[in-house]
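In the numbering used here, the protein residues as written are 744 to 894.
Below, the structure written as structure tokens:
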């Protein structure tokens with residue numbers, strides 16, 4: 744009795760080519776991926792500020808101080824962290840080297856994120872990724888990698 748074994752290695756060349764494309768990821772491609780991630784996270788953050796009114800972990804923001812709320816209602820119909828829309832409109836992202844940052848350049852942005860005990864301002868975290876946001880970023884990266892591997 745004899746056994747014949749035939750191994751087809753023809754697909755290995757295609758796999759090797761795909762791995763080479765991943766290894767040779769250009770700085771332009773990486774920068775585009777990071778820019779796309781930044782744009783996505785910026786959009787997620789804006790949505791959190793405008794509609795969700797929760798931390799990235801899903802915790803509701805604390806209510807506004809009643810005195811401040813009464814004063815605010817005279818000047819603005821916006822919700823929490825929406826007095827004039829400046830914080831929402833200041834959200835931006837920047838690619839720096841092999842990283843992307845998302846946030847605001849407004850002086851008071853950190854106060855809203857972290858709070859300020861001295862001025863009795865409670866933290867209302869808006870920067871960061873929820874688990875759903877993380878899944879969206881992972882999907883974006885997967886699509887990017889698939890594009891490299893399938894082309």
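Ideal Cβ placement from N, Cα and C applies to all residues, glycine included.
*Go to residue 806, then tell me how far its alpha helix (DSSP H) extends in each direction, as first and last residue.*
Taking the first residue of the chain shown as 1, we reach residue 806 at position 63. Looking at the DSSP string, residue 806 is not in any alpha helix (DSSP H), and its letter there is neither H nor E.
*What residues match up with residue 859 in a beta bridge as DSSP calls it?*
Your numbering for residue 859 matches position 116 in the chain shown. Answer is 864.
*Determine the burial state of residue 788: buried for a count of at least 16 other Cβ atoms within 10 Å of its Cβ, exposed for fewer.*
In the chain shown, the residue the question calls residue 788 occupies position 45. It is buried - the Cβ of residue 788 has at least 16 other Cβ atoms within 10 Å.
*Burial state of residue 850, where buried means 16 or more other Cβ atoms lie within 10 Å*: Here residue 850 refers to the residue found at position 107 when the chain shown is read from its first residue. It is exposed - the Cβ of residue 850 has fewer than 16 other Cβ atoms within 10 Å.
*Within 10 angstroms of the Cβ of residue 839, are there 16 or more other Cβ atoms? Answer buried if so, exposed if not.*
The residue you call residue 839 lines up with position 96 of the chain shown. Answer is exposed; the Cβ neighbour count stays below 16.
_residue 848 in three-state terms, based on DSSP_ = Within the chain shown, the letter at position 105 stands for residue 848. DSSP places residue 848 in coil when its eight states are reduced to three.
*Do residue 784 and residue 845 have their C-beta atoms within less than 7 Å of each other?*
On the chain shown, residue 784 is found 41 positions in, with the first residue counted as 1. On the chain shown, residue 845 is found 102 positions in, with the first residue counted as 1. In this structure, residue 845 lies closer than 7 Å to residue 784 by Cβ.
*Would you kindly report the start and end of the unbroken beta strand (DSSP E) that includes residue 797?*
Sequence index remark: in the chain shown, residue 797 carries index 54 (1-based). Note, residue 797: premise wrong, no beta strand (DSSP E); not H, not E.
*Give the single residue among 799, 778, 793, 769 whose Cα lies nearest to the Cα of residue 835.*
Walking along the chain shown from the start, residue 835 turns up at place 92. Of the listed residues, the one whose Cα sits closest to residue 835 is 778.
*Residues in its own chain within less than 8 Å of residue 880 by CB, not counting five upstream and five downstream?*
If you number the chain shown from 1, residue 880 lands on position 137. 780, 783, 784, 872, listed in sequence order.
*asked:* Just to confirm before moving on: does the CB-CB distance between residue 804 and residue 862 stay below 7 Å?
replied: One-based indexing of the chain shown puts residue 804 at position 61. One-based indexing of the chain shown puts residue 862 at position 119. No, these two residues do not count as a Cβ contact at 7 Å.
*Beta-carbon separation of residue 774 and residue 869 under 7 Å?*
Counting from 1 along the chain shown, the entry for residue 774 is found at position 31. Counting from 1 along the chain shown, the entry for residue 869 is found at position 126. Cβ distance not < 7 Å, so residue 774 and residue 869 don't count as in contact.
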